[in-house]
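Novice: Sharing a structure with you now.
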Amino acid sequence: MTTHLRGRSAAALLVTALGVTSLAACGDSGDPAGKDGGETAAVTLVTHDSFAVSDDVLKEFTEQTGRKVEILRGGDAGTTVNQAVLSKGNPQGDVLFGVDNTLLSRALDHGIFSPYEARGLEKVPEELRLDRGKHRVTPVDYGDICVNYDRGWFEKKRLAPPETFDDLVKPAYKDLLVTENAATSSPGLGFLLATAAEYGDDGWQDYWKKLKANGVEVVDGWEQAYNDRFSGSGGGKGKGDKPLVVSYASSPPAEVLGQDPLPQEGPTGVAKGTCFRQTEFAGLLDGAENPEGGKELLDFLLSETFQEDVPLQMFVHPARTDVKLPEVFTRYGETIEKPASLSPEKIAENREQWVKAWSQLVPR
Amino acid sequence: MAVPAAFFALFFVHPVAAIVARGLRDGGRWRFGRAGAVLTDPLVLDVLWFTAWQAAASTALTVAVALPGAYVFARLDFPGKRLLRALVVVPFVLPTVVADSAFLALLGRGGLLDELWGVRLDTTVWAILLAHVFFNYAVVVRTVGGLWAQLDPRQEEAARMLGASRLTAWRRITLPALAPAVAAAALMVFLFTFTSFGVVQILGGPRYSTLEVEIYRQTAQLLDLPTAAVLTLLQFCAVGGLLLLHARTVRRRESALRLVDPAHTSRRPRGAAQWALLGSTVTVVALLLLLPLGVLVERSLDAPDGYGFAFYRALGSEEGGTFTVAPLEAVGNSLAFAAVATLIALVVGGLAAAALTRRAGRLVRGFDALLMLPLGTSAVTVGFGFLIALDEPPLDLRSAWILVPLAQALVGVPFVVRTMLPVLRAVDPRLREAAAVLGASPLRAWREVDLPLVRRALLVAAGFAFAVSLGEFGATVFIARADTLTLPVAVARLLGRAGALPYGQAMALSTILMLVCAVSLLLLERVRTDRSGSGEF
Numbered sequence: 002m003t004t005h006l007r008g009r010s011a012a013a014l015l016v017t018a019l020g021v022t023s024l025a026a027c028g029d030s031g032d033p034a035g036k037d038g039g040e041t042a043a044v045t046l047v048t049h050d051s052f053a054v055s056d057d058v059l060k061e062f063t064e065q066t067g068r069k070v071e072i073l074r075g076g077d078a079g080t081t082v083n084q085a086v087l088s089k090g091n092p093q094g095d096v097l098f099g100v101d102n103t104l105l106s107r108a109l110d111h112g113i114f115s116p117y118e119a120r121g122l123e124k125v126p127e128e129l130r131l132d133r134g135k136h137r138v139t140p141v142d143y144g145d146i147c148v149n150y151d152r153g154w155f156e157k158k159r160l161a162p163p164e165t166f167d168d169l170v171k172p173a174y175k176d177l178l179v180t181e182n183a184a185t186s187s188p189g190l191g192f193l194l195a196t197a198a199e200y201g202d203d204g205w206q207d208y209w210k211k212l213k214a215n216g217v218e219v220v221d222g223w224e225q226a227y228n229d230r231f232s233g234s235g236g237g238k239g240k241g242d243k244p245l246v247v248s249y250a251s252s253p254p255a256e257v258l259g260q261d262p263l264p265q266e267g268p269t270g271v272a273k274g275t276c277f278r279q280t281e282f283a284g285l286l287d288g289a290e291n292p293e294g295g296k297e298l299l300d301f302l303l304s305e306t307f308q309e310d311v312p313l314q315m316f317v318h319p320a321r322t323d324v325k326l327p328e329v330f331t332r333y334g335e336t337i338e339k340p341a342s343l344s345p346e347k348i349a350e351n352r353e354q355w356v357k358a359w360s361q362l363v364p365r
Numbered sequence: 008m009a010v011p012a013a014f015f016a017l018f019f020v021h022p023v024a025a026i027v028a029r030g031l032r033d034g035g036r037w038r039f040g041r042a043g044a045v046l047t048d049p050l051v052l053d054v055l056w057f058t059a060w061q062a063a064a065s066t067a068l069t070v071a072v073a074l075p076g077a078y079v080f081a082r083l084d085f086p087g088k089r090l091l092r093a094l095v096v097v098p099f100v101l102p103t104v105v106a107d108s109a110f111l112a113l114l115g116r117g118g119l120l121d122e123l124w125g126v127r128l129d130t131t132v133w134a135i136l137l138a139h140v141f142f143n144y145a146v147v148v149r150t151v152g153g154l155w156a157q158l159d160p161r162q163e164e165a166a167r168m169l170g171a172s173r174l175t176a177w178r179r180i181t182l183p184a185l186a187p188a189v190a191a192a193a194l195m196v197f198l199f200t201f202t203s204f205g206v207v208q209i210l211g212g213p214r215y216s217t218l219e220v221e222i223y224r225q226t227a228q229l230l231d232l233p234t235a236a237v238l239t240l241l242q243f244c245a246v247g248g249l250l251l252l253h254a255r256t257v258r259r260r261e262s263a264l265r266l267v268d269p270a271h272t273s274r275r276p277r278g279a280a281q282w283a284l285l286g287s288t289v290t291v292v293a294l295l296l297l298l299p300l301g302v303l304v305e306r307s308l309d310a311p312d313g314y315g316f317a318f319y320r321a322l323g324s325e326e327g328g329t330f331t332v333a334p335l336e337a338v339g340n341s342l343a344f345a346a347v348a349t350l351i352a353l354v355v356g357g358l359a360a361a362a363l364t365r366r367a368g369r370l371v372r373g374f375d376a377l378l379m380l381p382l383g384t385s386a387v388t389v390g391f392g393f394l395i396a397l398d399e400p401p402l403d404l405r406s407a408w409i410l411v412p413l414a415q416a417l418v419g420v421p422f423v424v425r426t427m428l429p430v431l432r433a434v435d436p437r438l439r440e441a442a443a444v445l446g447a448s449p450l451r452a453w454r455e456v457d458l459p460l461v462r463r464a465l466l467v468a469a470g471f472a473f474a475v476s477l478g479e480f481g482a483t484v485f486i487a488r489a490d491t492l493t494l495p496v497a498v499a500r501l502l503g504r505a506g507a508l509p510y511g512q513a514m515a516l517s518t519i520l521m522l523v524c525a526v527s528l529l530l531l532e533r534v535r536t537d538r539s540g541s542g543e544f
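Protein sequence lines correspond, in order, to chains A and B. The opening residue of the first sequence carries number 2 in my numbering; numbering runs sequentially from there. The opening residue of the second sequence carries number 8 in my numbering; numbering runs sequentially from there.
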């Protein structure tokens, strides 16, 4: 990669010297090799920053199909979807991965996807298939946004960690919770939606008033909430003083990863009654340059190889229920039986006004 | 002038106009009615007021804290000066996510101040102001100090010999000469703080919002392009107005200065006042700039099994999976991108500065302001603009690697222009005229007259352009491909994952970014000193 770039710097010098108009030619040379046609054309996956995959898994796709995968990341999930909406009809790539149920309606309403029924879809549980019958998007994974707790802190205080939304407003848990800004952070939004699902259109504002009275702290992003405020992060030696944080059900397994030997119990746990399910989808972008490759990639995303790679790469659950989960997941992770959820239509209809109302009510 | 104009038309005006038009046009008709609704929204007015207020306060504080620093770095000689000069620029180029994290460790809950005195400054305006000083200290020190070091101290001495007091001499001789540079530096700081994004978002908490944060929210989160377009235009007006005002002030005050070799203007501190100034500057730099950076280093070494380099070793492996390349390769990418971006910025900015020096008139002054506009434009606007404007042949650059250096050069050019312009304008035109009379071609006159005089400014400009390119995050994150990851983007991705390992890796990578910046800047200092030391001036 580096030598490749060095070679290109000389080209850039030339281009700059010749004037900007010749940059177009340079743009062409920057395109992935072999895009000009044939069976081996590369396929481009547009996705968000959190997308991750093992190299071996990508290699397997190349071996199976003769195609290379180019990955194009566009920031967070919301930004990536909005970019796709803006470049509708002339997309940046062939497949978009990472549109979740909170953004699904926006993507579908703008018609950025071409229908395709991916192979292996029958192995995905019904409740994850939110675009049943139309197949514009394919569910690839799901994760739960839940309150995490610092096990050590609660043990030291001889206090049982909270389990439900109702627990969080009890005096015993005063000043313990930190959450994210629902307007700018996806776990923050997920937590807001969870309370709306739990307490309904009319009740969630009252709930948040109580939560606020009970000293909930709001910070802007997950990084800050989890890394800086939460006392259980960093393998249990977090610098923060909040033993409760809104994060993911898969954060506890992430905390033990890389530890040797594995501890008896993870340093953090999950309040199982506070979860909101986020399902992530992939779809073939309308107007894709390489629709055939895109379809093969969608099939591959549902293949056993890719699905088994999902947990330790992205720390979410694979959409297929028949693939093996790694030990850290089964041992330190929780299975959430009854997560809160809302239909994409309901979310699309209310999100803006809820976020607006929340912004007026909570952080100020 | 043609090259910089074309560059800006293609890579700034065109994309931004495209995204703004997308927001304000509906079915082929312009909808300006939307502006009224947005501009009378009390929430927007609140945001606007806070944006202006905190920017003014931050600028005042930064200038007040950094001006003595500029003097110390320009006029005093002390051991470790070169190292310190390089280090103060590091905060400026650190991605805000990283720096904010370090800052929180100092000011936040359970931070150093909290442990020592129970003082917590996070989610207060003070945290925002201090962080702005942290980030922008170097802007003042470098811009003002760079010129200060080249002012002939003998002029001031002559004034004192004629009976002026030290203060009067400074006020009448040095201050007027420095004023354009101070104004330029203050303007830059104001621009950065007016368009502050990460600092306000993270250190201020959700209670505070700047125009820039609001544009980001409306564009990237809500896809409310009409509102975003109105806010973008509003920010343009504010920034553009300021820039025009500044161009006028600077023009009025600029005069031909006698520039001398900086190596001869600084000397060992003498007298209690100079020692005190040196001491207080070093203290400020240590507490405000080096301490947060030290916290980063400490965290990068704080591995689960005791202090060590475990996180650094983990950077070389590809196991993390967040990347299709090992994080360490991001270092190579970053350096290569920054080098290309610096080159583009120097060519475009240098030509622009030269053109601006030679010509006068309203049009040229307008162009001067235009060149600064990218600094006052939200990265999300530029990023989304690139996406919809540069998407068709012959200019389908969306997947081309050159896009990253181009976007980085866009923020580098203003630095080059700002650094070069005061010095170029200060070159006595009679020198050029003399050269021309003696038969030198314009190119030869430039090479023999201007170049030796501005070489130092050119290097400072190159250093700035290189450093901002290294640290550029906002636009890069929109357009960086997986295989051409840059350091700040890699750090942000690591920070976005749970667990001790990615967090430690992020801190380790930030430390590396910090060191790369410091070393590059240090090398630059050396090159500069070697050349000027040989007595070319």
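C-beta: ideal position from N, C-alpha, C; glycine also. Remember, it's a predicted structure, so these values are computed and weren't measured experimentally.
Taking only three categories from DSSP, how would you classify G35/A?
Specialist: Confidence in G35/A is poor, its pLDDT being 40 and thus under 50, which makes the residue's placement too unreliable to answer from.
Novice: Return the CA-CA distance between L160/A and A173/A, expressed in angstroms with no decimal places.
Specialist: Each residue's Cα considered, the two are about 8 Å apart.
Novice: Under 8 Å, Cβ to Cβ, is there at least one residue of chain A near P311/B?
Specialist: Chain A, which has a Cβ nearer than 8 Å to the Cβ of P311/B, makes this yes.
Novice: Check each residue of the stretch 86-113 of chain B: if its Cβ is closer than 9 Å to any Cβ of chain A, include it; give the result in chain order.
Specialist: Residues passing the 9 Å Cβ filter: V104, D107, S108, L111, A112.
Novice: Can you grab the Cα-Cα spacing for the pair A44/B / T234/B, in whole Å?
Specialist: Distance between the alpha carbons of A44/B and T234/B is about 9 Å.
Novice: Report yes if the C-beta of W209/A is less than 7 Å from at least one heavy atom of the ligand ADP; otherwise report no.
Specialist: As presented, the structure is devoid of all ligands, the ligand ADP included, so that no description of it is given.
Novice: Taking contact to mean at least 3 C-beta pairs separated by less than 8 Å, is the stretch 227-246 of chain A in contact with the stretch 148-159 of chain A?
Specialist: Contact between the stretch 227-246 of chain A and the stretch 148-159 of chain A is present, because at least three Cβ pairs lie under 8 Å.
Novice: Can you give the Cα-Cα distance for A9/B and V20/B, rounded to whole angstroms?
Specialist: Cα-Cα distance, rounded: 15 Å.
Novice: What would DSSP say about E118/A, mapped onto helix, strand or coil?
Specialist: The answer is coil: DSSP assigns E118/A none of H, G, I, E or B.
Novice: For chain B, is any of its Cβ atoms less than 8 Å away from the one on F316/A?
Specialist: So, interface residue.
Novice: Count the other CB atoms, across all protein chains shown, that sit within 10 Å of the CB of A63/B; report buried if there are 16 or more and exposed otherwise.
Specialist: Exposed: under 16 other Cβ atoms inside 10 Å.
Novice: Counting only beta-carbon separations shorter than 8 Å, does S106/A have a partner in chain B?
Specialist: By this cut-off, S106/A is not an interface position.
Novice: Would you mind reading off the limits of the alpha helix (DSSP H) that contains F98/A?
Specialist: Per DSSP, F98/A belongs to no alpha helix (DSSP H); it is in the beta strand (DSSP E), 96-101.
Novice: Taking DSSP as the reference, what is the three-state secondary structure of P319/A?
Specialist: P319/A: strand per DSSP, three-state reduction.
Novice: What does Y150/A pair with, by DSSP beta-bridge criteria?
Specialist: Y150/A is bridged to L245/A, G270/A.
Novice: Can you find a CB in chain B that lies within less than 8 Å of the CB of A184/A?
Specialist: With 8 Å as the cut-off, A184/A counts as an interface residue toward chain B.
Novice: I want to see whether chain A comes within less than 8 Å of Y314/B, judged by CB atoms only; does it?
Specialist: It does not: the Cβ of Y314/B has no partner Cβ on chain A nearer than 8 Å.
Novice: Need the endpoints of the beta strand (DSSP E) that E181/A sits in, please.
Specialist: Segment 178-181, the beta strand (DSSP E) holding E181/A.
Novice: Quick one: is D1/A buried, meaning 16 or more other Cβ sit within 10 Å of its Cβ, or exposed?
Specialist: In the structure as shown, chain A begins at 2 and stops at 365. Residue 1/A is therefore absent and cannot be evaluated.
Novice: Below 8 Å CB to CB, which residues in the same chain sit around F141/B once its five sequence neighbours on both sides are set aside?
Specialist: Closer than 8 Å at the Cβ level, and outside the excluded window around F141/B, lie P98, A106, F110, L295, L296, P299.
Novice: If you draw a straight line from the alpha carbon of P162/A to that of T275/A, how long is it in whole angstroms?
Specialist: Rounded to the nearest angstrom, the two C-alpha atoms are 12 Å apart.
Novice: My output table needs one value for L52/B: the three-state DSSP class, helix, strand or coil.
Specialist: L52/B falls in the helix class under three-state DSSP.
Novice: Can you give me the C-alpha to C-alpha distance between A345/B and L382/B, rounded to a whole angstrom?
Specialist: So the alpha carbons of these two residues sit roughly 17 Å apart.
Novice: Please state whether the Cβ-Cβ distance between L212/A and L169/A is less than 8 Å.
Specialist: Taking 8 Å as the Cβ cut-off, L212/A and L169/A qualify as a contacting pair.
Novice: Do you know how far the Cα of Q228/B is from the Cα of A183/A?
Specialist: The alpha-carbon atoms of A183/A and Q228/B are separated by roughly 11 Å.
Novice: Who are L83/B's beta bridge partners in DSSP?
Specialist: R274/B.
Novice: On the criterion of 16 or more Cβ atoms from any shown chain inside 10 Å, does V95/B qualify as buried, or is it exposed?
Specialist: Buried is the call here.
Novice: Apart from the five residues on each side of it in sequence, which residues of its chain come closer than 6 Å, Cβ to Cβ, to S360/A?
Specialist: Same-chain partners within the cutoff: A184.
Novice: Quick check on N91/A - is its C-beta less than 8 Å from some C-beta in chain B?
Specialist: It does: the Cβ of N91/A has a partner Cβ on chain B nearer than 8 Å.
Novice: Output yes if chain A places a C-beta closer than 8 Å to the C-beta of Q208/B; else output no.
Specialist: Q208/B counts as touching chain A.
Novice: Starting from T181/B and walking both ways along the alpha helix (DSSP H), at which residues does that stretch end?
Specialist: Note, T181/B: premise wrong, no alpha helix (DSSP H); not H, not E.
Novice: For P116/A, is the classification buried or exposed, using 16 other Cβ atoms within 10 angstroms of its Cβ as the cut-off for buried?
Specialist: When all chains shown are included, P116/A counts as exposed.
Novice: Classify Q1/B: buried if its beta carbon has 16 or more other beta carbons within 10 angstroms, exposed otherwise.
Specialist: There is no way to answer for residue 1/B, as the model of chain B reaches only from 8 to 544.
Novice: Under 7 Å between beta-carbons, which chain A residues line up against A443/B? List them in chain order, please.
Specialist: Ordered by position in chain A, no residue passes the 7 Å Cβ test against A443/B, which lies about 26 Å from the chain.
Novice: Beta-carbon within less than 7 Å of T288/B's beta-carbon, same chain only, minus the 5 sequence neighbours each way: which residues are those?
Specialist: Answer for T288/B: P75, G76, V79, listed in chain order.
Novice: Under DSSP, the alpha helix (DSSP H) around I337/A begins and ends at which residues?
Specialist: First-last for I337/A: undefined, no H or E at that position.
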